[in-house]
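A.B. asks: If you scroll down you'll find the structure; I have some questions about it.
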Amino acid sequence: MKSSYLDYAMSVIVSRALPDVRDGLKPVQRRVLYAMDGIGLRHNSPYKKSARIVGEVLGKYHPHGDAPVYEAMVRMAQDFSLRYAFVDGQGNFGSIDNDPPAAMRYTEARLSRIAEEMLLDIEKNTVDFVPNFDDSLQEPSVLPARLPNLLVNGSTGIAVGMTTNIPPHNLGEICDAIIYLINSPDATADELLELVKGPDFPTGGIIWGKEGIDNAYTTGQGKIILRAKAKELTTKTGKSQILVTELPYQVNKASLVQKIAELAKVKKISGIAEVRDESDREGMRIVIDLKKEAQPQQVLNNLYKYTMMQSAFYINMVALVDGQPKVINLKEALTSYIDFRFQVITKRSQFELDKAKDRAHILEGFRIALNNLDQVIKIIRQSQTVESARANLMAAFAMSQLQAQAILDMPLRRLAKLEQDKITEEYAAVIKNISYLEDLLANPRKVLSLVAQDAEELKSNYGDSRRTVVKVEEIEEFRTEDLVPHESMVVTLTNKGFIKRIPASTYRLQHRGGKG
Numbered sequence: 092m093k094s095s096y097l098d099y100a101m102s103v104i105v106s107r108a109l110p111d112v113r114d115g116l117k118p119v120q121r122r123v124l125y126a127m128d129g130i131g132l133r134h135n136s137p138y139k140k141s142a143r144i145v146g147e148v149l150g151k152y153h154p155h156g157d158a159p160v161y162e163a164m165v166r167m168a169q170d171f172s173l174r175y176a177f178v179d180g181q182g183n184f185g186s187i188d189n190d191p192p193a194a195m196r197y198t199e200a201r202l203s204r205i206a207e208e209m210l211l212d213i214e215k216n217t218v219d220f221v222p223n224f225d226d227s228l229q230e231p232s233v234l235p236a237r238l239p240n241l242l243v244n245g246s247t248g249i250a251v252g253m254t255t256n257i258p259p260h261n262l263g264e265i266c267d268a269i270i271y272l273i274n275s276p277d278a279t280a281d282e283l284l285e286l287v288k289g290p291d292f293p294t295g296g297i298i299w300g301k302e303g304i305d306n307a308y309t310t311g312q313g314k315i316i317l318r319a320k321a322k323e324l325t326t327k328t329g330k331s332q333i334l335v336t337e338l339p340y341q342v343n344k345a346s347l348v349q350k351i352a353e354l355a356k357v358k359k360i361s362g363i364a365e366v367r368d369e370s371d372r373e374g375m376r377i378v379i380d381l382k383k384e385a386q387p388q389q390v391l392n393n394l395y396k397y398t399m400m401q402s403a404f405y406i407n408m409v410a411l412v413d414g415q416p417k418v419i420n421l422k423e424a425l426t427s428y429i430d431f432r433f434q435v436i437t438k439r440s441q442f443e444l445d446k447a448k449d450r451a452h453i454l455e456g457f458r459i460a461l462n463n464l465d466q467v468i469k470i471i472r473q474s475q476t477v478e479s480a481r482a483n484l485m486a487a488f489a490m491s492q493l494q495a496q497a498i499l500d501m502p503l504r505r506l507a508k509l510e511q512d513k514i515t516e517e518y519a520a521v522i523k524n525i526s527y528l529e530d531l532l533a534n535p536r537k538v539l540s541l542v543a544q545d546a547e548e549l550k551s552n553y554g555d556s557r558r559t560v561v562k563v564e565e566i567e568e569f570r571t572e573d574l575v576p577h578e579s580m581v582v583t584l585t586n587k588g589f590i591k592r593i594p595a596s597t598y599r600l601q602h603r604g605g606k607g
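Going by my numbering, the first residue of the sequence shown is number 92, and it counts up by one from there.
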């Protein structure tokens with residue numbers, strides 16, 4: 092029983108719930124992206140039915156239920172779930188009100204442009220491939236991940252005996268930190284914290300205090316307090332309102348509006364006349380109308396205390412490092428990504444070098460043939476079969492079998508003067524490329540500079556401004572005084588010694604009894 096449960100636990104940890112530190116993906120997410128790439132669903136290609144994509148994933152790579160696969164794909168299409176969405180969806184993919192997405196037979200999808208960065212160079216032997224569930228196909232054990240996805244989009248997962256909760260971050264800040272760490276490998280956590288201000292949630296909001304962020308980035312675990320973005324307004328008629336335009340991450344807007352209305356109804360929060368959801372395509376807009384006597388700041392304090400307009404986000408940065416679950420801090424996450432990209436670029440360069448050498452070998456054969464054209468034609472014409480022609484060319488010019496075959500396969504049009512010049516130019520370019528690749532592979536520092544260059548390009552192409560504001564001052568616990576409205580009171584002492592506190596507004600001038 093013990094060994095069986097341990098096997099099950101490790102299977103859930105490695106194969107389902109936890110992201111890999113290198114590409115920041117769980118297996119189902121990786122398989123969805125790889126399957127979409129396999130059927131050509133790029134950002135500039137036509138959409139395909141989601142059911143077609145789910146079928147592709149199930150049939151080839153992920154032998155589980157169709158609902159979890161579709162759910163994973165839907166989440167990668169939601170701009171309120173992922174900071175940078177990987178799936179470009181067409182149709183109903185759910186909402187921040189927790190509305191369910193349409194059935195997979197109705198929706199359509201394709202890869203987003205930024206998702207293609209995760210798959211770039213996968214065909215160049217950059218990552219290891221493993222057999223799929225029935226050994227009929229190969230699938231990548233990890234994606235090349237030009238994008239630092241683990242930190243950029245974060246991850247949430249519940250395994251057996253452990254959980255992970257990595258918040259999303261701003262791409263520009265993460266890229267700056269990667270470049271800084273490449274140039275200064277001994278950088279301290281404090282130096283990195285100057286560049287990475289804190290989590291950057293897709294729904295915005297305000298983070299109060301730096302202590303939780305500092306703890307999370309130095310130890311891998313911490314708690315941050317998130318508040319909705321709200322402001323006080325006064326209408327033309329003089330009424331006071333509270334306008335909410337951003338919510339803490341993963342807060343259900345419809346449930347929040349309902350909760351506020353319920354609390355106002357039972358007078359748990361006083362001063363609220365009406366609450367309306369006026370959100371539209373332009374953005375979020377929750378309007379809370381206040382009563383005449385209400386004090387906006389006091390109502391806001393109550394909203395923060397009793398609703399999800401203020402919530403805690405517990406950071407627990409657990410990821411698979413070399414196949415083992417591990418709590419990592421910010422520097423470890425960045426270092427793991429840099430090391431992985433170093434390996435990817437090294438493998439890609441070796442692949443391109445091997446291809447370039449193979450091409451140079453063929454082009455050398457072409458040059459030999461063009462320099463001895465009459466003799467080559469004579470040998471081919473006098474040979475009885477293709478095999479003998481190949482053997483005769485190999486003997487006459489000390490060629491390899493590949494070179495001789497390439498000459499035999501060469502179309503006659505390549506004998507034209509311009510075509511001959513093209514072969515010479517291509518050979519010079521290939522030799523130059525071989526020299527560059529050999530120099531690159533011999534200098535690890537140059538490979539690291541390419542990692543930094545990739546980060547710079549990502550920031551330039553996809554970087555945007557922060558959505559979540561970080562307030563340095565720590566949030567204070569609510570005191571009873573913060574929740575009590577400021578108003579004039581009358582304190583009375585009765586004959587029997589009872590003390591009462593009554594609002595001054597209770598006493599009204601009666602205008603009775605005439606003049607005294």
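Glycine is no exception: its CB is placed at the ideal position from the N, C-alpha and C atoms.
For clarity, every value in this text was computed on a predicted model and none was experimentally measured.
Under 8 Å between the Cβ atoms of PHE220 and GLU230?
C.D. replies: If you number the sequence shown from 1, residue 220 lands on position 129. If you number the sequence shown from 1, residue 230 lands on position 139. Contact flag set, yes.
A.B. asks: Do the stretch 418 to 433 and the stretch 532 to 540 touch if we need at least three Cβ pairs shorter than 8 Å?
C.D. replies: Judged by Cβ distances under 8 Å, the stretch 418 to 433 makes contact with the stretch 532 to 540, as three or more pairs qualify.
A.B. asks: From ALA595 to THR585, what does the alpha carbon distance come to, in whole angstroms?
C.D. replies: Along the sequence shown, one-based indexing puts residue 595 at 504. Along the sequence shown, one-based indexing puts residue 585 at 494. Cα to Cα, ALA595 sits roughly 17 Å from THR585.
A.B. asks: Nearest-angstrom Cα distance between LYS151 and PRO235?
C.D. replies: What you label residue 151 is simply residue 60 of the sequence shown in a count that begins at 1. What you label residue 235 is simply residue 144 of the sequence shown in a count that begins at 1. The straight-line gap from Cα to Cα measures roughly 20 Å.
A.B. asks: So, are the CB atoms of MET164 and SER186 less than 8 Å apart?
C.D. replies: Position 73 of the sequence shown, counting from 1, holds the residue named residue 164. Position 95 of the sequence shown, counting from 1, holds the residue named residue 186. Their beta carbons are not under 8 Å apart, which means MET164 does not touch SER186 by this criterion.
A.B. asks: Three or more C-beta pairs under 8 Å: does that hold for the stretch 404 to 420 against the stretch 342 to 360?
C.D. replies: In short, these stretches do not touch, since the Cβ pair count stays below three.
A.B. asks: Taking the alpha carbon of LEU347 as the reference point, which residue from ASN189, ARG121, SER136 has its own alpha carbon closest?
C.D. replies: As a first step, residue 347 must be located in the sequence shown, where it is residue number 256. Minimum Cα distance to LEU347 is reached at ASN189.
A.B. asks: Under the three-state reduction of DSSP, which class applies to MET400: helix, strand or coil?
C.D. replies: As a first step, residue 400 must be located in the sequence shown, where it is residue number 309. Correct three-state label for MET400: coil.
A.B. asks: By DSSP, does PRO594 sit in helix, in strand, or in coil?
C.D. replies: Counted from its first residue, the sequence shown places residue 594 at position 503. Three-state DSSP puts PRO594 in a strand.
A.B. asks: In the DSSP assignment, find the alpha helix (DSSP H) that holds MET127 and state where it starts and stops.
C.D. replies: As a working mapping, residue 127 is identified with position 36 in the sequence shown. Its alpha helix (DSSP H) spans residues 118 to 129.
A.B. asks: Need the endpoints of the beta strand (DSSP E) that ILE249 sits in, please.
C.D. replies: By 1-based counting over the sequence shown, the position of residue 249 is 158. First-last of the beta strand (DSSP E) with ILE249: 246 to 249.
A.B. asks: On the DSSP letters alone, give me the boundaries of the beta strand (DSSP E) that GLN349 sits inside.
C.D. replies: For the purposes of this step, residue 349 is taken as the residue at position 258 of the sequence shown. Run containing GLN349: none in the beta strand (DSSP E); it sits in the alpha helix (DSSP H), 344 to 356.
A.B. asks: Taking Cβ to Cβ, would you say VAL160 is nearer than 8 Å to VAL178?
C.D. replies: Locating residue 160 in the sequence shown gives position 69, counting from the first residue. Locating residue 178 in the sequence shown gives position 87, counting from the first residue. Their beta carbons are not under 8 Å apart, which means VAL160 does not touch VAL178 by this criterion.
A.B. asks: Opposite VAL581 in the DSSP bridges: which residues?
C.D. replies: Here residue 581 refers to the residue found at position 490 of the sequence shown. In the DSSP output, where bridge partners are listed per residue, VAL581 has ILE593.
A.B. asks: In the stretch 513 to 576, which residue ranges form an unbroken alpha helix (DSSP H) of at least 4 residues, counting only runs that do not cross its ends?
C.D. replies: Here the runs fully enclosed are 535 to 553.
A.B. asks: Nearest to LEU334 by CA position, among THR328, ASN343, ALA319, ALA345, is which residue?
C.D. replies: Here residue 334 refers to the residue found at position 243 when the sequence shown is read from its first residue. It is ALA319 whose Cα lies nearest to the Cα of LEU334.
A.B. asks: Taking all protein chains shown into account, decide if ALA460 is buried (16 or more other Cβ within 10 angstroms of its Cβ) or exposed.
C.D. replies: Residue 460 sits at position 369 when you count from the first residue of the sequence shown. Buried: at least 16 other Cβ atoms inside 10 Å.
A.B. asks: Report yes if the CB atom of ALA250 is closer than 8 Å to the CB atom of LEU109, and no otherwise.
C.D. replies: Walking along the sequence shown from the start, residue 250 turns up at place 159. Walking along the sequence shown from the start, residue 109 turns up at place 18. Yes; because the gap between Cβ atoms is below 8 Å, this pair is in contact.
A.B. asks: Indicate the three-state DSSP secondary structure (helix, strand or coil) for LEU503 in the structure shown.
C.D. replies: In the sequence shown, residue 503 corresponds to position 412, counting from 1. Helix.
A.B. asks: Residues in the same chain with beta-carbon distance under 8 Å from GLU443, minus the five sequence neighbours each way, listed in chain order, please.
C.D. replies: Here residue 443 is taken as the residue at index 352 of the sequence shown, counted from 1. So the qualifying residues of the chain are LYS215, ASN524, LEU528.
A.B. asks: Are there three or more Cβ pairs, one per stretch, closer than 8 Å when the stretch 299 to 314 is compared with the stretch 419 to 426?
C.D. replies: The answer is yes - the stretch 419 to 426 touches the stretch 299 to 314, with three or more Cβ pairs under 8 Å.
A.B. asks: Any idea what DSSP makes of LYS446, helix, strand or coil?
C.D. replies: The residue you call residue 446 lines up with position 355 of the sequence shown. In this structure, LYS446 counts as helix in the three-state DSSP scheme.
A.B. asks: So within the stretch 256 to 308, which uninterrupted alpha helix (DSSP H) runs reach at least 4 residues, ignoring any that extend past its ends?
C.D. replies: Here the runs fully enclosed are 262 to 274, 280 to 286.
A.B. asks: Measure the Cβ-Cβ separation of ASN303 and LEU338 and say whether it is below 8 Å.
C.D. replies: As a first step, residue 303 must be located in the sequence shown, where it is residue number 212. As a first step, residue 338 must be located in the sequence shown, where it is residue number 247. Here the sequence assigns Gly to residue 303, which means Asn is not the residue at that position. No; because the gap between Cβ atoms is not below 8 Å, this pair is not in contact.
A.B. asks: Closest to LYS301 by C-alpha separation, out of GLY329, MET580, GLU564, THR583, would be which residue?
C.D. replies: The residue you call residue 301 lines up with position 210 of the sequence shown. Taking only the C-alpha atoms, the option nearest LYS301 is GLU564.
A.B. asks: Identify whether ASN183 lies in helix, strand or coil by the three-state DSSP scheme.
C.D. replies: Residue numbering aside, residue 183 sits at position 92 when the sequence shown is read from its first letter. Three-state DSSP puts ASN183 in coil, outside helix and strand.
A.B. asks: Please go through the stretch 312 to 342 and give each complete beta strand (DSSP E) segment of 3 or more residues, from N-terminal end onward.
C.D. replies: For the stretch 312 to 342, whole beta strand (DSSP E) runs of length 3 or above, ordered along the chain, are 312 to 318, 320 to 325, 331 to 337.
A.B. asks: At which residue ranges does the stretch 408 to 495 contain complete alpha helix (DSSP H) runs of 4 or more residues, listed in the order of the chain?
C.D. replies: Qualifying alpha helix (DSSP H) stretches, in chain order: 421 to 462, 464 to 473, 477 to 488.
A.B. asks: Please classify PHE224: does DSSP put it in a helix, a strand, or coil?
C.D. replies: In the sequence shown, counting from the first residue as 1, residue 224 sits at position 133. Three-state DSSP puts PHE224 in coil, outside helix and strand.
A.B. asks: Between the stretch 263 to 275 and the stretch 113 to 131, are three or more C-beta pairs nearer than 8 Å?
C.D. replies: Because the criterion of three Cβ pairs below 8 Å is not met, the stretch 263 to 275 and the stretch 113 to 131 do not touch.
A.B. asks: According to DSSP, is ILE104 part of a helix, a strand, or is it coil?
C.D. replies: Residue 104 sits at position 13 when you count from the first residue of the sequence shown. Helix, per DSSP.
A.B. asks: THR217 by DSSP, collapsed to three states: which one?
C.D. replies: One-based indexing of the sequence shown puts residue 217 at position 126. Three-state result, THR217: coil.
A.B. asks: Would you identify the three-state DSSP class for ILE205, choosing helix, strand or coil?
C.D. replies: On the sequence shown, residue 205 is found 114 positions in, with the first residue counted as 1. The answer is coil: DSSP assigns ILE205 none of H, G, I, E or B.
A.B. asks: Can you tell me which of the three DSSP states VAL366 falls into?
C.D. replies: Residue 366 sits at position 275 when you count from the first residue of the sequence shown. Here VAL366 sits in strand by DSSP.
A.B. asks: Beta-carbon separation of ASP291 and MET209 under 8 Å?
C.D. replies: The residue you call residue 291 lines up with position 200 of the sequence shown. The residue you call residue 209 lines up with position 118 of the sequence shown. No, the Cβ-Cβ distance between ASP291 and MET209 is not below 8 Å.
A.B. asks: As a quick exercise: from THR336, ALA385, ASN393, pick the residue whose alpha carbon is nearest that of ARG367.
C.D. replies: Taking the first residue of the sequence shown as position 1, residue 367 is located at position 276. For ARG367, the nearest C-alpha among the options comes from THR336.
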